[in-house]
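To start, the structure under review is shown below, and the notes come after it.
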Amino acid sequence: MALRWIAGIGGSVALLSVGLALPAEAKIACNKGYQQVQGRWLATPYCQDQYVAQVAHDYGFKASPDRVRNDPLFKQHLCRFIGQDIRIKESCDEVSPSVRGRF
5 MALRWIAGIG GSVALLSVGL ALPAEAKIAC NKGYQQVQGR WLATPYCQDQ YVAQVAHDYG
65 FKASPDRVRN DPLFKQHLCR FIGQDIRIKE SCDEVSPSVR GRF
């Protein structure tokens with residue numbers, strides 16, 4: 005009886021460990037700079053940077069989303085050239101704010 009119980013526990017642990025060894029399929033869903041979170045589309049830095057890279061690619065720049073995310077100077081360089089595009093203006097304002105007002 006005890007041997008069956010131990011074998012049952014061992015089998016359960018083996019099945020559980022196989023389930024944990026599989027890679028996670030969680031991927032962030034982005035659409036034009038917005039991420040779907042609990043059924044709603046929110047602007048997140050991750051998706052905004054991905055969209056900056058996509059728009060930069062449309063203009064002919066070789067920009068990967070990872071490089072835009074991890075290199076603020078590269079993002080600033082891109083925004084200097086394409087930052088006035090209405091699609092990414094808000095994302096670019098955080099790295100190169102435009103001067104407004106008299107002072």
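Each residue of the sequence shown is one higher than the one before, counting from 5 in the numbering used here. C-beta atoms are modelled at their ideal positions from N, C-alpha and C, and glycine is treated no differently.
According to the Cβ coordinates, are Ala60 and Leu82 closer than 8 Å? Numbered from its first residue, the sequence shown carries residue 60 at position 56. Numbered from its first residue, the sequence shown carries residue 82 at position 78. Taking 8 Å as the cut-off, the beta carbon of Ala60 is found closer than this to the beta carbon of Leu82.
Val72 and Asp53 closer than 8 Å at C-beta: As a first step, residue 72 must be located in the sequence shown, where it is residue number 68. As a first step, residue 53 must be located in the sequence shown, where it is residue number 49. Their beta carbons are under 8 Å apart, which means Val72 touches Asp53 by this criterion.
Tell me whether Ala57 sits in a helix, a strand or coil according to DSSP, three-state version. For this step, residue 57 is matched to residue 53 along the sequence shown. Ala57: helix per DSSP, three-state reduction.
Grab the span of the beta strand (DSSP E) containing Arg44 for me, first residue to last. Locating residue 44 in the sequence shown gives position 40, counting from the first residue. Residue range Arg44 to Ala47 is occupied by the beta strand (DSSP E) that includes Arg44.
For Gln80, the first and last residue of its enclosing alpha helix (DSSP H): Indexing the sequence shown from 1 puts residue 80 at position 76. It spans Pro76 to Ile86 - the alpha helix (DSSP H) in which Gln80 sits, taken as one unbroken run.
Among Lys93, Val99 and Asp97, whose alpha-carbon lies nearest the alpha-carbon of Lys36? If you number the sequence shown from 1, residue 36 lands on position 32. With distances taken between Cα atoms, Lys36 lies closest to Lys93.
Unbroken beta strand (DSSP E) run spanning Val41, endpoints: For the purposes of this step, residue 41 is taken as the residue at position 37 of the sequence shown. Looking at the DSSP string, the run of the beta strand (DSSP E) that includes Val41 is Tyr38 to Val41.
Buried or exposed: where does Phe85 fall if 16 or more other Cβ atoms within 10 Å of its Cβ makes it buried? The sequence position of residue 85 within the sequence shown is 81, counting from 1. Per the 10 Å Cβ criterion, exposed.
Rounding to the nearest angstrom, what Cα-Cα distance links Gly87 and Cys96 in this structure? Working through the sequence shown from its first residue, we reach residue 87 at position 83. Working through the sequence shown from its first residue, we reach residue 96 at position 92. Answer to the nearest angstrom: the Cα atoms are 6 Å apart.
Tell me where the alpha helix (DSSP H) around Glu98 begins and ends. On the sequence shown, residue 98 is found 94 positions in, with the first residue counted as 1. Run containing Glu98: none; DSSP gives neither H nor E here.
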